[in-house]
Amino acid sequence: MNPKIKTCSEIKVIGLSSNIKMNEQHKIIALWKQFMPKKHEIENLVSEELIAMQIFSLEQNGDPKEDFEIWACAEVTDFKSIPQNMKSYTIPAGTYALFPQKGMDASLTYQKIMTKWLPASSYVIDNRPHFQVMGEKYKNGSSDSEEDFYVPVKARL
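Take a look at the structure:
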């Protein structure tokens, strides 16, 4: 696993969100089924790419709390027009480890990032959202689907 280390500017997104626990992965599918028919209501899209975002709250010791917020969203130029029942969020600027993901076993890739790459790297997780960008090579349910994982990192002290 050799990610690109990338500094990103802030990213404005509009979409739908839900709170889930680690064992409630079915809620992710339900959220996307709710978002996709409404995506056309977003007027100021930057591109056709989709963004899946996770916002983890951390315990005092730095471990993620059991529940977290998920988003089905898209990048926008501004927040001047937000469709009814959707929300806006600004992903803060910062450094990300960018991992290409091929296939549909995202949880296995994420597990390898956290248990193999991260401990051996010179980085630690930063307290910002994690997100995946699904562009034209993303094919839901296909073994040749491609997306990019953005993992927020900062230099290990």
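Heads up, our numbering is the position in the sequence shown plus 279, with the first residue counted as 1. Virtual Cβ for every residue (Gly too), placed ideally from N, Cα, C.
{"Asked": "Are the segment 349-356 and the segment 326-334 touching by the rule of at least three beta carbon pairs closer than 8 Å?", "Found": "yes"}
{"Asked": "Mind checking whether Ser296 and Lys306 have CB atoms under 8 Å apart?", "Found": "no"}
{"Asked": "Can you tell me which of Lys391, Ser336, Ala376 puts its alpha carbon nearest to the alpha carbon of Ser401?", "Found": "Ala376"}
{"Asked": "In terms of residue numbering, what span does the beta strand (DSSP E) encompassing Thr394 cover?", "Found": "Looking at the DSSP string, Thr394 is not in any beta strand (DSSP E), and its letter there is neither H nor E."}
{"Asked": "Spatial neighbours of Pro371 within its chain, please: C-beta separation below 7 Å, excluding the five flanking residues on both sides.", "Found": "Glu289, Arg407"}
{"Asked": "Leaving out five residues on either side along the sequence, give the residues of the same chain with a beta carbon under 6 Å from the beta carbon of Leu397.", "Found": "none"}
{"Asked": "For Lys291, I'd like the list of residues in its chain whose CB is within less than 6 Å of its CB, leaving aside the five on either flank, ordered along the chain.", "Found": "Val355, Thr369"}
{"Asked": "Counting only the same chain and skipping the five closest in sequence on each side, list residues whose C-beta sits under 8 Å from that of Phe314.", "Found": "Gly294, Leu295, Ala351, Cys352"}
{"Asked": "Measuring alpha carbon to alpha carbon, tell me which of Gly414, Thr374, Met383 ends up nearest Pro282.", "Found": "Thr374"}
{"Asked": "To the nearest angstrom, report how far apart Leu324 and Met413 are at their CA atoms.", "Found": "14 Å"}
{"Asked": "Could you tell me the distance, in whole angstroms, from the CA atom of Ile334 to the CA atom of Tyr417?", "Found": "22 Å"}
{"Asked": "So, helix, strand or coil for Phe335, using DSSP?", "Found": "strand"}
{"Asked": "Pick out whichever of Asp346, Gln380, Ser360, Leu436 has its Cα sitting closest to the Cα of Ser424.", "Found": "Gln380"}
{"Asked": "What's the C-alpha gap between Met365 and Ala399?", "Found": "39 Å"}
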